[in-house]
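Enquirer:
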Ligand SMILES: Nc1ncnc2c1ncn2[C@@H]1O[C@H](COP(=O)(O)OP(=O)(O)OP(=O)(O)O)[C@@H](O)[C@H]1O
Ligand SMILES: Nc1ncnc2c1ncn2[C@@H]1O[C@H](COP(=O)(O)OP(=O)(O)OP(=O)(O)O)[C@@H](O)[C@H]1O
Ligand SMILES: [Mg+2]
Ligand SMILES: [Mg+2]
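Chains as they are written, first to last, in the working numbering: chain B, 1191 to 1454; chain V, 1191 to 1454; chain A, 34 to 285; chain F, 8 to 301; chain P, 134 to 386.
(1) I want to check one thing, is the minimum distance from the CB of residue 1279 of chain V to the heavy atoms of ligand 1 below 7 Å?
(2) Grouping DSSP H, G and I as helix and E and B as strand, with all else coil, what is residue 1301 of chain B?
(3) Distance check for residue 166 of chain F and residue 250 of chain F, CA to CA, integer angstroms please.
(4) Would you list, in chain order, the members of the segment 167-179 of chain P that have their beta-carbon closer than 8 Å to a beta-carbon of chain A?
(5) Can you list, in chain order, the residues of its chain with a C-beta nearer than 8 Å to that of residue 61 of chain A? Leave out the 5 residues immediately preceding and following it.
(6) Could you give the distance in angstroms between the alpha-carbon of residue 1427 of chain V and the alpha-carbon of residue 1421 of chain V?
(7) Can you tell me whether residue 283 of chain A is buried or exposed, with buried defined as 16 or more other CB within 10 angstroms of its CB?
(8) Do residue 1408 of chain V and residue 1220 of chain V come within 8 Å of each other at the CB atom, strictly closer than that value?
(9) If we ignore side chains and look at the alpha-carbon of each, how far apart do residue 1324 of chain V and residue 1246 of chain V end up?
(10) In terms of residues, what are the limits of the alpha helix (DSSP H) holding residue 236 of chain P?
(11) Take residue 307 of chain P and list the residues in its own chain whose beta-carbon comes closer than 8 Å to its own, dropping the five residues that flank it on each side.
(12) Report all residues from its chain with a CB closer than 6 Å to the CB of residue 43 of chain F; omit the five preceding and five following residues, and keep chain order.
(13) Mapping the DSSP letters down to three states, classify residue 1221 of chain B as helix, strand or coil.
(14) Hey, is residue 1387 of chain B close to ligand 1, as in C-beta under 7 Å from one of its heavy atoms?
(15) Return the residue from the list B:1307, B:1299, B:1330 and B:1321 that minimises the CA-CA distance to residue 1356 of chain V.
(16) Interface residues of chain A around residue 1271 of chain V at Cβ under 8 Å?
(17) For the pair the segment 1367-1385 of chain V and the segment 1337-1352 of chain V, tell me if three or more CB-CB distances fall below 8 Å.
(18) Since residue 1289 of chain V and residue 1205 of chain V are thought to touch, with beta carbons under 8 Å apart, how far apart are those beta carbons, to the nearest angstrom?
(19) Counting Cβ pairs closer than 8 Å, one from the segment 164-182 of chain F and one from the segment 42-56 of chain F, do we hit at least three?
(20) What are the uninterrupted segments assigned as alpha helix (DSSP H) that are 4 or more residues long and contained completely in the segment 166-215 of chain F, given in chain order?
(21) Quick check: is the beta carbon of residue 1388 of chain V nearer than 8 Å to any beta carbon in chain B?
(22) So, at 6 Å on beta carbons, what are the nonlocal neighbours of residue 1237 of chain V in its own chain, with the 5 sequence-adjacent residues on each side left out?
(23) So is residue 330 of chain P in contact with chain F if we call contact Cβ pairs under 8 Å?
(24) Looking at the structure shown, is residue 265 of chain F part of a helix, part of a strand, or coil, going by DSSP?
(25) For chain V, check one thing: does any of its Cβ atoms lie closer than 8 Å to the Cβ of residue 1441 of chain B?
(26) Which residue marks the beginning of the beta strand (DSSP E) containing residue 1418 of chain B, and which one marks its end?
(27) Can you grab the Cα-Cα spacing for the pair residue 1183 of chain B / residue 206 of chain P, in whole Å?
(28) Under a three-way DSSP split, which group does residue 1326 of chain V fall into?
(29) With a threshold of 8 Å between beta carbons, is residue 309 of chain P in contact with chain B?
(30) Given residue 261 of chain A, which residues of its chain have a CB within under 8 Å of its CB, disregarding the five upstream and five downstream residues?
(31) For residue 1342 of chain V, return the contacting residues in chain D, with the cut-off set at a CB-CB distance below 9 Å.
(32) I'd like to know if the segment 1294-1309 of chain B and the segment 1268-1285 of chain B are in contact, where contact means that at least 3 CB-CB pairs between them fall below 8 Å.
(33) Between residue 345 of chain P and residue 327 of chain P, what straight-line distance do the alpha-carbon atoms span, to the nearest angstrom?
(34) Using 10 angstroms around the beta-carbon of residue 154 of chain A, count the other beta-carbons present and answer buried if the total reaches 16, otherwise exposed.
(35) Please tell me whether residue 1293 of chain V has its Cβ less than 8 Å away from any Cβ of chain A.
(36) Within this structure, are the beta carbons of residue 287 of chain P and residue 309 of chain P separated by less than 8 Å?
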């Protein structure tokens, strides 16, 4: 938890009051992310990942603890942060290109220039040809990609993504993950990715944070010491397999606990 | 395409008119699913899977071609079919147990009896303890599980699921997939699963249908000849690996085409 | 409740002070802008008048029947228009066009059809509230999340089931607002009809106060009527909240 | 039983049926009256035309003739008010206007186009050769409001409305309807019924007219009438007495009287109530007052 | 395919239905099922239109009523949006005042017209103010309804991008709630027009309302109904513009 950390989460706890069912969603989490790092958070469904995501993004107040970004304590959304939400969040009244250009419009960019930039990100997520369509005319995965492109277009210094690739097929997801990685390296971005795909986490991350099931605690942190760029060779290497197996094991316990507890 | 097939899709095409951007979403698809079979459909994002799903479910009219279930041509929702939608579709004004009990309520079951049945399915998807909560108080993956439970509670003879496990972590997904499989075998259900997870498709299916990227055509059908029940051993067997690799290969081409075409 | 009490109190006091300042400024015609004490005595006079309650009961009854009839009509029309693109394209514009027609011209027709008694007042109220309710419901139907409708259709819910288990709960907000607006115009419709031709009801009393230029009593009557409307409104609000279940934040 | 629609509740002239019923005079003639009050002559007339009531009281003669000329089966049973004695035009006490000539170029109110207030004001203009700025202001309370808040210079009123204010001195009369000579013999309001009612309930209607006359007699002779009227109209007995004695000469309310028709019909044409004056045949078909001759 | 054919024909069928109803009424009056002295013959109503144009300055009156209504509805829209945003932003205020807004809709403001006369004078201002006050409630209610129905995640996107309150309002709240706001505006026009005409009628001032009053005093039934037809025409005018606006702004969602 050095001060130099771009993002530092310390002793964060979130409890939903008794009116909301009385539940500790995140319990005493602490970790830090260095500038330029790519960190994934992984954990079973309902363990508190999205809650943590909202707290870091400054959209929800933690019950206890403190989050700081670039040294400043978070009290509301921080300008360095860009977020991709788990829920589909395209603006239904804007077509694809205007959705993607939205943050540029906020920044006061002219129409032509922001459309040009947006076009680049639309191409990146594979939606060329759909610029003029409205979200209701897209498939679920395509809408998700619009949201990714929109956040990337803002070029945030800290990119927070909550299961952004969930409704994409594994191939598209891999290709897209690679592209995000490229951008991150070009722009010296820092990324915190919430995911439920172990391979994705290992493929993309410098470190993986595993959360436990209820209450959501930090179970372990695993540094992924694989060389970059991670080519197809590395993905089938035994080291890769070991990391995956290790995480798999951690998570199986948690997920089983999640489902078993219920049936108990 | 025997007549005995529970589900038969023949020469189905769906074109969106020029007012909707003019696009062939599904092109001349034909296949059949036998009673008790578990078939997966897999294809890159935006290839037309959900469109096909809606057509089979009787919610969208095909431009050409014909779908029949239990020998009857589909003109609207068929009583034998139960659907799990890709998009989150819980009723926000009902709590978990009343969401799950919804189909039983429609069937006129009394409150106590339908709640008892619903409770079983809530336990199955690992949501015990959340019966009284409303969807807004659940995580994304939990909401998706509510929808799965709701459809299972109707005990459909043909279960159609559109990426039902998308926002679940891999472990929960596997455990849940297994449970669905158990139910299917108990009830002699037939299942058509749309998914973007190759391992999931291989793990669960008797056959996998691969769709190509735009226009959505049937690219190939792959029978998965692995013994059941598919234990952990089988999942790490070389045969399993071969199936996965084969599908992976098919799909990589399509997905790359999808993303590349855009960038071209 | 105590949370809502403070803002209400503040607003009420502000309003009263503003009025009193206006009344005492002497710039405005005193009889029409009487000071609060005059209005208070008007209200007191109305409340102390035993005949008033019988008239209020009559107006209340006419209003209730008007709301039931006009509300049911508006609900059905709204559901039909919202549910069918064809009907909406054919007829909805006429709903909008005819909505603002001064209903007073129908009054002679209505007294011919329903007589000079309560019937024609009820009919006026019903006709008045039909339009806002129908417009609000039709828009509400179209606002229901299509995903939820697909769930219902895929489970082959019957028409009635779709209506009671999906449409109505999903459009609770437009329904409540439709009912609120409908209630308002129905009340006004009934009152106006009573001022036109009657020998009982609050509208009749208002007309009587007018013809004597008894403004404090006039304001007393109007205020008591509005208080009555407020009581009914708040009661239905509570009911709606109870119906909705205590904790749901729909559509989020 | 007869159903009545009565405009202008609380005026002396429109209270005859109510007071007569209270005093038991109608009961003596085997009649029970169900009295409904309307917002004005237009509504009363509509109620009669639609046969929702049997008799309409205090309907503008001009309006009745207009409707009848268009074929509406209305019948005039009797005159209700002759002359415009109950009308008066007033200004706030502080106003610089004192006499009719002061009204030159000032805004002077009347209720609606074609009403008796309109024609009376016009006749005053003609009689005094002073040009007013005539302005339609609608009903009594609205007019009073507009005058007192300085938006209109002179308002119109009909007793007993405003009599109290006159006594208290907050307003002042500029001229009265009885000052207008040409108006004096015009029967401006009348009692009407529907031809079909007449066919079915002829005797009841006749009894009504008998009782009406008897009540009128009682109202001008029995002091009890003033008390009852004061209670009914919500005014002080003093105002009630003033209203009767100063604004309603007995003769003005004689139901057998129907005069000044020619002038009324001329106005009717001016105000577009009538396309042309009614022919004598038409008039005698509409007006069924015993002994009336066009 | 024939389904779309029917769809296209729908507006025409709607007009046809209205014409058929008018014809039926005509027939019913002719056959003496309906009293022709209470309801005029539709044909005579039509025939009286030219007369109104020639004799009654209909164009000026039409413009006046339309202008007053437009002013009232526009003011209601602006104020209603402002109130809507305030009530939405501060849930405590919403809980405190939403029912009272509904009470405003139930307040018989027309009956208190002398008050408005004193406050705003004898002129169009009084009419506009009463129209505005009666149109306000539906805009507020529908606006709050629309804001409250916005999916939370869209607002979160806005917050994460640090939108200023004004940006959030114009870029997210309003476009997302647009269908509701348009419904509010529709109701506002209905309420405003009813009250504008009603007050014109009552205080004998200005546009079509006064005309309706005069014609009915004269027992000119066809003319009265024709004048009311003109009121309907005012609303047609507004709704045609409104529909076009909604189509432009609220396409495809
Ligand atoms: N508004 C709320 N009120 C009450 N409880 C809530 C609320 N939001 C979330 N929770 C609870 O907090 C826990 C964590 O939710 P969260 O959304 O953070 O999970 P998650 O890890 O993102 O799961 P998933 O992978 O399914 O998206 C869950 O048990 C959920 O029920
Ligand atoms: N209503 C619509 N109007 C026009 N085009 C549409 C509509 N719905 C879907 N499409 C188009 O049809 C194609 C297939 O969409 P579909 O939703 O079936 O894809 P999918 O295979 O389910 O994708 P995903 O895996 O991303 O959910 C897409 O290109 C989409 O843009
Ligand atoms: Mg989540
Ligand atoms: Mg899909």
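Where a beta carbon is used, it is the ideal one built from N, C-alpha and C, also for glycine. Just so you know, these numbers come straight off a predicted model, no measurement behind them.
Expert: Here's the rundown:
(1) In the second chain, residue 1279 of chain V corresponds to position 89, counting from 1. No.
(2) Looking up residue 1301 of chain B in the first chain gives position 111. It is helical.
(3) The residue labelled residue 250 of chain F in the question sits at position 243 within the fourth chain. The residue labelled residue 166 of chain F in the question sits at position 159 within the fourth chain. One C-alpha to the other measures close to 6 Å.
(4) 168, 171 and 172
(5) The residue labelled residue 61 of chain A in the question sits at position 28 within the third chain. The answer, listed in chain order, is 55.
(6) Position 237 of the second chain, counted from the first residue, corresponds to residue 1427 of chain V. Position 231 of the second chain, counted from the first residue, corresponds to residue 1421 of chain V. So the alpha carbons of these two residues sit roughly 10 Å apart.
(7) Translated into the one-based positions of the third chain, residue 283 of chain A becomes position 250. Note on residue 283 of chain A: pLDDT 39, under 50, position unreliable in the model; the coordinate value appears next. Residue 283 of chain A is buried by the Cβ-count criterion.
(8) As a first step, residue 1220 of chain V must be located in the second chain, where it is residue number 30. As a first step, residue 1408 of chain V must be located in the second chain, where it is residue number 218. Against a cut-off of 8 Å, the Cβ pair of residue 1408 of chain V and residue 1220 of chain V comes out as a contact.
(9) If you number the second chain from 1, residue 1324 of chain V lands on position 134. If you number the second chain from 1, residue 1246 of chain V lands on position 56. Distance from the CA of residue 1324 of chain V to the CA of residue 1246 of chain V, rounded to the nearest whole angstrom, comes to 30 Å.
(10) For this step, residue 236 of chain P is matched to residue 103 along the fifth chain. Element bounds for residue 236 of chain P: 224-239.
(11) The residue you call residue 307 of chain P lines up with position 174 of the fifth chain. Only 214 and 314 meet the Cβ criterion.
(12) The residue given as residue 43 of chain F occupies position 36 in the fourth chain. 12, listed in sequence order.
(13) As a first step, residue 1221 of chain B must be located in the first chain, where it is residue number 31. Three-state DSSP puts residue 1221 of chain B in a strand.
(14) The sequence position of residue 1387 of chain B within the first chain is 197, counting from 1. No, since every heavy atom of ligand 1 falls outside the 7 Å radius drawn around the Cβ of residue 1387 of chain B.
(15) Position 166 of the second chain, counted from the start, is the residue given in the question as residue 1356 of chain V. Ranking B:1307, B:1299, B:1330 and B:1321 by Cα distance to residue 1356 of chain V puts B:1330 first.
(16) As a first step, residue 1271 of chain V must be located in the second chain, where it is residue number 81. Against chain A, a Cβ distance below 8 Å from residue 1271 of chain V picks out 187.
(17) yes
(18) The residue labelled residue 1289 of chain V in the question sits at position 99 within the second chain. The residue labelled residue 1205 of chain V in the question sits at position 15 within the second chain. At roughly 35 Å, the Cβ-Cβ gap does not stay under 8 Å, so residue 1289 of chain V and residue 1205 of chain V are not in contact.
(19) No: the two stretches stay apart, fewer than three of their Cβ pairs being nearer than 8 Å.
(20) 170-175 and 202-207
(21) In the second chain, counting from the first residue as 1, residue 1388 of chain V sits at position 198. Cβ-Cβ to chain B under 8 Å: yes for residue 1388 of chain V.
(22) To locate residue 1237 of chain V, count along the second chain from 1; it is residue 47. Result list for residue 1237 of chain V: 1401, 1403 and 1406, in chain order.
(23) Counted from its first residue, the fifth chain places residue 330 of chain P at position 197. With 8 Å as the cut-off, residue 330 of chain P does not count as an interface residue toward chain F.
(24) Working through the fourth chain from its first residue, we reach residue 265 of chain F at position 258. It is coil, neither helix nor strand.
(25) The residue labelled residue 1441 of chain B in the question sits at position 251 within the first chain. Judged by the 8 Å Cβ criterion, residue 1441 of chain B is in contact with chain V.
(26) Here residue 1418 of chain B is taken as the residue at index 228 of the first chain, counted from 1. Careful: residue 1418 of chain B lies outside any beta strand (DSSP E) and carries neither H nor E.
(27) The requested residue 1183 of chain B is not part of the displayed model; chain B covers only 1191 to 1454.
(28) For this step, residue 1326 of chain V is matched to residue 136 along the second chain. If DSSP states are grouped into helix, strand and coil, residue 1326 of chain V belongs with the helices.
(29) For the purposes of this step, residue 309 of chain P is taken as the residue at position 176 of the fifth chain. At least one chain B Cβ lies under 8 Å of residue 309 of chain P.
(30) Locating residue 261 of chain A in the third chain gives position 228, counting from the first residue. If the five residues before and after residue 261 of chain A are omitted, its C-beta is found closer than 8 Å to the C-beta atoms of 89 and 93, all from its own chain and listed in chain order.
(31) In summary, chain D is missing from the structure at hand, where the protein chains are B, V, A, F and P.
(32) no
(33) Locating residue 345 of chain P in the fifth chain gives position 212, where the first residue counts as 1. Locating residue 327 of chain P in the fifth chain gives position 194, where the first residue counts as 1. Rounded to whole angstroms, residue 345 of chain P to residue 327 of chain P spans 13 Å at the Cα level.
(34) Translated into the one-based positions of the third chain, residue 154 of chain A becomes position 121. Answer is buried; the Cβ neighbour count reaches 16.
(35) As a position in the second chain, residue 1293 of chain V is number 103, starting the count at 1. For residue 1293 of chain V, the answer is yes, since a Cβ of chain A falls inside 8 Å of its Cβ.
(36) The sequence position of residue 287 of chain P within the fifth chain is 154, counting from 1. The sequence position of residue 309 of chain P within the fifth chain is 176, counting from 1. Taking 8 Å as the Cβ cut-off, residue 287 of chain P and residue 309 of chain P qualify as a contacting pair.
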